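Participant:
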Amino acid sequence: MAKSKYEIMLLLSPNEDISVVKKIADSVFGKGVESIEKLEDNKLRYEINNSKTATRVLIKVEAERKDISEFTRKSNIQKTIWRTLVINLDTEKGLNKKPKQVVDKRKNRNFENKFTKQNNPNFKVKKENFVKKTEETKLETKK
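Residue numbering for the sequence shown follows my numbering, beginning at 2 and increasing consecutively.
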């Protein structure tokens with residue numbers, strides 16, 4: 002089976018050290034671990050195990066699907082690892098793609114206004130209707 006690249010985000014208890022995560026990752030993935038980063042302590046929107054803060058850990062791994070399921074199983078057994086999120090970077094749309102080059106199409110556009118008097122000789126505004134309405138409204142207001 003082919004190996005894929007994964008990112009694993011973990012929420013740990015704020016008192017816990019990263020060494021627990023390193024032990025589990027090394028035992029499951031071995032040399033497939035690219036990096037393990039401790040991100041800043043995070044304020045949570047809701048309490049998990051009576052705590053409003055947690056430590057975030059990001060693991061970048063190249064592994065097979067069965068190794069990921071084994072890691073998830075072991076992290077679920079561990080009481081100090083509260084949440085796990087696994088993202089497959091190879092199958093997830095748009096995560097490894099480079100942004101497209103933006104082409105400025107405005108240079109090629111023609112900005113001539115086709116609805117002006119100079120371009121259209123049949124263009125006429127009926128001023129009579131506007132004048133009649135204003136005179137009628139003035140007469141009605143005077144009464």
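We put the beta carbon where it would ideally sit given N, CA and C, even for glycine. Computed from a predicted model, the values in this text were never measured in an experiment.
Report yes if the C-beta distance between isoleucine 82 and leucine 11 is below 8 angstroms; otherwise report no.
Facilitator: Yes.
Participant: Cutting at 6 angstroms between CB atoms, please list the residues of its own chain near serine 14, excluding the five before and the five after it.
Facilitator: Same-chain partners within the cutoff: Thr81.
Participant: Counting Cβ pairs, one atom from each stretch, are 3 or more of them under 8 angstroms apart for the segment 21-31 and the segment 43-53?
Facilitator: No, because fewer than three Cβ pairs between the segment 21-31 and the segment 43-53 fall closer than 8 angstroms, the two stretches do not touch.
Participant: Closest to alanine 64 by C-alpha separation, out of Lys23, Ser76, Val104, Gly33, would be which residue?
Facilitator: Checking every option, the nearest Cα to that of alanine 64 belongs to Gly33.
Participant: What's the C-alpha gap between arginine 74 and threonine 56?
Facilitator: Approximately 20 angstroms, taken between the alpha carbons.
Participant: Quick one: what does DSSP say serine 20 is sitting in, helix, strand or coil?
Facilitator: Correct three-state label for serine 20: helix.
Participant: Apart from the five residues just before and just after asparagine 43, which ones in its own chain have a Cβ nearer than 6 angstroms to its Cβ?
Facilitator: Only Ala55, Arg57 meet the Cβ criterion.
Participant: Let me know if isoleucine 60 comes out buried or exposed under the rule of 16 or more other beta-carbons within 10 Å of its beta-carbon.
Facilitator: By the neighbour-count rule (16 or more Cβ atoms within 10 Å), isoleucine 60 is buried.
Participant: Report the start-end ranges of each alpha helix (DSSP H) in the segment 47-80 that is 4 residues or longer and not cut off at the edges.
Facilitator: As far as the segment 47-80 is concerned, its whole alpha helix (DSSP H) runs of at least 4 residues are 66-78.
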